[in-house]
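Number of protein chains: 2
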Amino acid sequence: MESTNRYITIKTHINHGEPKESHFELKTAAFGLSVELGSNDVIVKNLYVSIDPYQINRMKSYSPSQKAINFAVGIALGEVIDAYGVGRVVASGNPKFEKDDLVAGLITWGEYSKIKDGNMLNKLDPMGFPLTYHVGILGFSGLTAYGGFFKVCKPTKGEKVFVSAAAGSVGNLVGQYAKLFGCYVVGCAGSKKKVELLKEQLGFDEAFNYKEEKDLKSTLKRLFPDGIDIYFDNVGGEMLKVAVSNMNTFGRVAVCGIISEYTDEKRAAPDMIDVVYKRITIRGFLATDYMNAHADFMSTTCDYLRTAKIKVLEDITPGVESIPSAFIGLFHGDNVGKKIVKIANE
Amino acid sequence: MESTNRYITIKTHINHGEPKESHFELKTAAFGLSVELGSNDVIVKNLYVSIDPYQINRMKSYSPSQKAINFAVGIALGEVIDAYGVGRVVASGNPKFEKDDLVAGLITWGEYSKIKDGNMLNKLDPMGFPLTYHVGILGFSGLTAYGGFFKVCKPTKGEKVFVSAAAGSVGNLVGQYAKLFGCYVVGCAGSKKKVELLKEQLGFDEAFNYKEEKDLKSTLKRLFPDGIDIYFDNVGGEMLKVAVSNMNTFGRVAVCGIISEYTDEKRAAPDMIDVVYKRITIRGFLATDYMNAHADFMSTTCDYLRTAKIKVLEDITPGVESIPSAFIGLFHGDNVGKKIVKIANE
Chain Y
1 MESTNRYITI KTHINHGEPK ESHFELKTAA FGLSVELGSN DVIVKNLYVS
51 IDPYQINRMK SYSPSQKAIN FAVGIALGEV IDAYGVGRVV ASGNPKFEKD
101 DLVAGLITWG EYSKIKDGNM LNKLDPMGFP LTYHVGILGF SGLTAYGGFF
151 KVCKPTKGEK VFVSAAAGSV GNLVGQYAKL FGCYVVGCAG SKKKVELLKE
201 QLGFDEAFNY KEEKDLKSTL KRLFPDGIDI YFDNVGGEML KVAVSNMNTF
251 GRVAVCGIIS EYTDEKRAAP DMIDVVYKRI TIRGFLATDY MNAHADFMST
301 TCDYLRTAKI KVLEDITPGV ESIPSAFIGL FHGDNVGKKI VKIANE
Chain H
1 MESTNRYITI KTHINHGEPK ESHFELKTAA FGLSVELGSN DVIVKNLYVS
51 IDPYQINRMK SYSPSQKAIN FAVGIALGEV IDAYGVGRVV ASGNPKFEKD
101 DLVAGLITWG EYSKIKDGNM LNKLDPMGFP LTYHVGILGF SGLTAYGGFF
151 KVCKPTKGEK VFVSAAAGSV GNLVGQYAKL FGCYVVGCAG SKKKVELLKE
201 QLGFDEAFNY KEEKDLKSTL KRLFPDGIDI YFDNVGGEML KVAVSNMNTF
251 GRVAVCGIIS EYTDEKRAAP DMIDVVYKRI TIRGFLATDY MNAHADFMST
301 TCDYLRTAKI KVLEDITPGV ESIPSAFIGL FHGDNVGKKI VKIANE
């Protein structure tokens, strides 16, 4: 059975600056909806795909040596772009999957995905939750927040937590987990509306619009009179520097993302004298390192969802053709919460 | 009993640039060699004092808020400067010490120390070793190297270790511990003589003179074809940056000191994208955090000394008046190994 697949690809590498519409192309290609005999492949109709800032790092051109050390496999020009998402099996040569199964895993920024050997794909039991939850809060954004906060930051109750990009897909969950755990939580975001959301809807103790603060170091000093114990860093750059300067002894920085540096090579170095004397730990991490916390993450988060203790922030745009603008918008702070593109009706 | 005490002090704060002779003053003051009745104080005749780069951080002027967060208590102009060392008790009001006891602990850059309540002072059993060993390899330099390498870096056999300032008081020991533990070890230093010493006497696998390398990133790439697992950082700045860029996944940086930044505000920021994707941990530490490893440290190191498996690098200058030049020399790489000033004959 032959159909067509519309998918997004990059026309050029994006080595400097922000992504633009002109970097992307919506391609249409013939696509087989059945699997060859003896193949282990799985054909998936994509329903929802995750739009994440880290993809920009895969859109850069790397030297072979950089490729070897860089976890994020580069995206080839003109090729399909893999991304986390939820879909429905159309055809399967793999005994683990049957037609019409719901699946979650590494699908593509397109209408259909052909998943070699069913790798990085799992059957999905929605457990009564909307499918979009399985892209965001119950997917990698949630695991990133949970693993990063509990396993990397190793919080204790009452500690003072700062989260940047706090209205983003991961940041909002870190803040909520931290509040539910018993921490004092301050978030920063890039608009008044987001700041209100953090304080009024998500229960953050304080929040501020970093664009309106003249001296971020003083802002943090004011909002953390007793210092910062944990900084969950989604942005890097200047914010990392000022957070370190306001940090308490034995403070921990979990470096989740550094969106400010993905498109801009300006870096701001934290004061390493502070790092030594205050014995600060700065640790980069990826959610995949915390798969052993997945069961805990799921049971805790599902429980919070069922008891309405945690709020779900989703920002959903329809249509495969909206992927480039959804992605570009991440770098302008357009999204509130998890950015998802809905590809097809369930 | 009244005598005089000659001691070193600072005339001005040293907020920028390197320390100079003109910053220091040798003062002479009347000094009581007996303790008042009912006092818990201990009077110590200083024998050997430690000369360490971190003292520069105590010679800066801090704002009150900086003082509150900075472990290193600032040195007041004209006052005695405390420093680690070994001495002999002249008089004691403290039942823990008797006249003629050898002691190690926080004494002063002077001929005599009056130790309030005997704080930060311990009786010293030389265990057959020269007293200078108890200032360096069996003192805080040794504990810093041991705690930093084993507890902060958490090495496994066969890992690739890079040490900067590798001919310095701490660096040379880190390299030796790492070799004895079964790691591949590369050190950098600032002269040809030191590089030869590292390779020929201390058993480093490789060493280089950072002043002669045009492109440090390439140098590390050449000497670590399989990447760096552990970087023991004594210098900060550019070296930290290039080490991170050559680091393997789950690499660890123990930040012990950052001598390049003590006197120069130029910083070089590591690439945080590397930190995230390679899940690198950068951790500042102080030896005092690893007092619980002190017994292990002593038994391991004494054993290495008795079996001549570890070499002792000491650089000793005589006379209290030589303290400023000894200290200034640290910032020019004049010292080879542990810099100690001998104050008096044993």
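Chains as they are written, first to last, in the working numbering: chain Y, 1 to 346; chain H, 1 to 346.
Built from N, CA and C at the ideal position, the CB exists for glycine as well.
Against residue 285 of chain Y, the close residues of chain H are 276, 279, in the order they occur along the chain (beta-carbon pairs closer than 8 Å).
Per DSSP, residue 159 of chain H lies in no alpha helix (DSSP H) and is assigned neither H nor E. Interface annotation, residue 261 of chain H: in contact with chain Y, CB-CB separation under 8 Å. Looking at the DSSP output, residue 86 of chain Y shares a beta bridge with Y/48, Y/104.
Taking a Cβ-Cβ threshold of 7 Å, the residues of chain H close to residue 258 of chain Y are 272, 273, 276, in chain order. Its Cα nearest to that of residue 20 of chain H, the residue H/327 stands out among H/341, H/338, H/327, H/246. Close partners of residue 101 of chain Y in chain H (Cβ separation under 9 Å) are lacking, with about 32 Å as the shortest Cβ gap.
The CB of residue 267 of chain Y comes closer than 8 Å to the CB of 269, 271, 272 in chain H, given here in chain order.
Residue 255 of chain Y has a beta carbon lying within less than 8 Å of a beta carbon in chain H. Just so you know, the alpha carbons of residue 332 of chain H and residue 192 of chain H end up roughly 14 Å apart.
The three-state secondary structure of residue 14 of chain Y, taken from DSSP, is coil. Each residue's CA atom was taken as its position, placing residue 329 of chain H and residue 59 of chain H some 16 Å apart. DSSP places residue 36 of chain Y outside both helix and strand once states are collapsed to three, so it counts as coil.
With a contact defined as Cβ atoms closer than 8 Å, residue 227 of chain Y and residue 268 of chain Y miss out at about 20 Å.
The bridge partners DSSP lists for residue 174 of chain H come to none. In the structure shown, the three-state DSSP call for residue 324 of chain Y is helix. Around the CB of residue 125 of chain Y, fewer than 16 other CB atoms lie within 10 Å, so the residue is classed as exposed. Interface criterion met: the Cβ of residue 282 of chain H is under 8 Å from a Cβ in chain Y.
Closer than 8 Å to the CB of residue 289 of chain H there is at least one CB belonging to chain Y.
Annotation: residue 82 of chain H to residue 262 of chain H spans about 19 Å, alpha carbon to alpha carbon. Counting only unbroken stretches of 3 or more residues, the beta strand (DSSP E) elements lying wholly within the region 281-323 of chain Y are 281-284, 314-318, in sequence order.
The beta carbon of residue 57 of chain Y falls within 8 Å of a beta carbon belonging to chain H, placing the residue at that interface.
Here residue 185 of chain H has 161, 175, 178, 179, 204, 205 as same chain residues with Cβ atoms under 6 Å from its own Cβ, once five neighbours each way along the sequence are excluded. Setting aside the 5 residues that flank it on each side, residue 11 of chain Y is surrounded in the same chain by 22, 23, 24, 25, 77, 78, each with a C-beta closer than 8 Å to its C-beta; the list follows chain order. Annotation: Cβ neighbours of residue 236 of chain Y in chain H (cutoff 7 Å, chain order): 272. The secondary-structure analysis by DSSP pairs residue 188 of chain Y across a beta bridge with Y/208.
For residue 246 of chain Y, the three-state secondary structure derived from DSSP is coil. Between residue 115 of chain H and residue 52 of chain H, the CB-CB gap reaches or exceeds 8 Å. Excluding five sequence positions before and after residue 28 of chain Y, the CB atoms of its chain that fall closer than 6 Å to its own CB belong to 4, 6, given in chain order. Beta-bridge analysis with DSSP links residue 27 of chain Y to Y/7. Only exposed fits residue 37 of chain Y, as fewer than 16 other CB atoms lie within 10 angstroms of its CB. Secondary-structure assignment with DSSP links residue 216 of chain Y through no beta bridge to anything. The region 207-224 of chain H and the region 155-170 of chain H touch, with three or more beta-carbon pairs separated by less than 8 Å.
According to DSSP, residue pairing for residue 340 of chain H in a beta bridge involves H/50, H/316. If you compare the alpha carbons of Y/315, Y/344, Y/339, Y/153 with that of residue 232 of chain Y, the shortest gap goes to Y/153.
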